[in-house]
Amino acid sequence: MTPFRRRSIALAGPLLGLSLAAGGATAAHGPASGNAATRPVHVHEGTCGALIGPDFVLQLTDLEVPAGKALGGEVSVAAAEPVAVGFTILNASLDQLLAEPRAVDVHRSDEDEETFVACGEIAGPRGRDGGLAVALTEQGGSGFAGVAYLVPTVANRNQTAVSVLLAEPATDGAEDRGNEEAEDA
0 MTPFRRRSIA LAGPLLGLSL AAGGATAAHG PASGNAATRP VHVHEGTCGA
50 LIGPDFVLQL TDLEVPAGKA LGGEVSVAAA EPVAVGFTIL NASLDQLLAE
100 PRAVDVHRSD EDEETFVACG EIAGPRGRDG GLAVALTEQG GSGFAGVAYL
150 VPTVANRNQT AVSVLLAEPA TDGAEDRGNE EAEDA
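Anchor point for the sequence shown: position 172 equals 171 in numbering that gives the first Met the number 0, and the numbering is continuous, going up by one each time.
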């Protein structure tokens with residue numbers, strides 16, 4: 000994992016908290032993207048190494064890379080790696096999700112739901128806001144990695160807001176930039 004990707008993932012938690020606070024009671028939404036491939040995301044029973052059965056427990060909003068004009072300075076836009084995002088409100092409490100072994104898994108595409116590209120167990124310490132950050136680690140050498148942030152909604156503690164951010168595999172140019180950053184540090 001490049002230093003850039005480690006820093007990006009480390010910054011994702013606080014940013015997710017802000018996005019969830021602003022998200023309100025939106026049922027489910029993702030970015031408005033016409034051309035980008037979507038990546039299905041589910042909550043499955045079991046762990047990443049042993050998902051139970053082919054059926055998922057809960058469907059999350061498919062991940063998409065946002066479309067539109069790139070914002071930021073010329074250097075930052077050129078250095079930006081694509082990040083697929085999705086946001087969902089589940090009609091299940093975080094306590095219910097933690098009651099049994101469960102995992103968040105990301106599939107390669109709608110056409111290839113048999114291939115998992117990232118997965119993370121719903122487990123670990125909860126933050127001050129009651130939320131839980133789940134590291135989504137690459138599966139099968141896919142190069143994908145990310146974070147799922149699950150937090151009880153303010154309006155209804157029996158619902159859980161889920162934000163998922165998934166970094167696409169780095170291109171050769173992005174890897175070179177990461178190596179240059181490490182050498183400069």
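Note that beta-carbon positions come from the ideal geometry of N, C-alpha and C, so glycine has one too.
Item                                                                                                                 : Value
Own chain partners of glycine 142 with C-beta closer than 6 Å, once the 5 adjacent residues on each side are dropped : Pro168
Whole-angstrom C-beta distance between leucine 149 and leucine 62, which should lie under 8 Å                        : Rounded, the Cβ-Cβ distance is 15 Å, inconsistent with contact.
Where leucine 93 sits in the DSSP three-state scheme                                                                 : helix
Cβ-Cβ separation, valine 56 to leucine 165 (assumed contact under 8 Å), whole Å                                      : That belief does not hold up - the Cβ atoms of leucine 165 and valine 56 are roughly 20 Å apart, past 8 Å.
C-alpha distance - serine 38 paired with alanine 122, whole-angstrom precision                                       : Note that residue 38 corresponds to arginine in the displayed sequence, not to serine. If I take the Cα positions, the gap works out to 23 Å.
Local conformation of proline 151 per DSSP, three classes                                                            : strand
Which of helix, strand or coil DSSP assigns to glutamine 58                                                          : strand
Helix, strand or coil at alanine 166 [DSSP, three-state]                                                             : strand
Exposed unless 16 or more other CB atoms sit within 10 angstroms - verdict on threonine 114                          : exposed
Glycine 140, DSSP secondary structure in three states                                                                : coil
Nearest-angstrom Cβ-Cβ length linking valine 40 and leucine 59, presumed shorter than 8 Å                            : 4 Å
7 Å CB neighbourhood of leucine 89 in its chain, flanking five on each side removed                                  : Leu57, Gln158, Thr159 and Val161
Cβ-based burial, leucine 131 [other Cβ within 10 Å; buried from 16]                                                  : buried
Range covered by the beta strand (DSSP E) that runs through arginine 38                                              : 38–46
Beta-carbon gap between glutamate 80 and alanine 102 smaller than 7 Å                                                : no
Assigned exposure category for glutamine 95 - 16 Cβ within 10 Å defines buried                                       : exposed
Limits of the beta strand (DSSP E) - the one that arginine 125 falls within                                          : Here arginine 125 belongs to no beta strand (DSSP E), and DSSP marks it neither H nor E.
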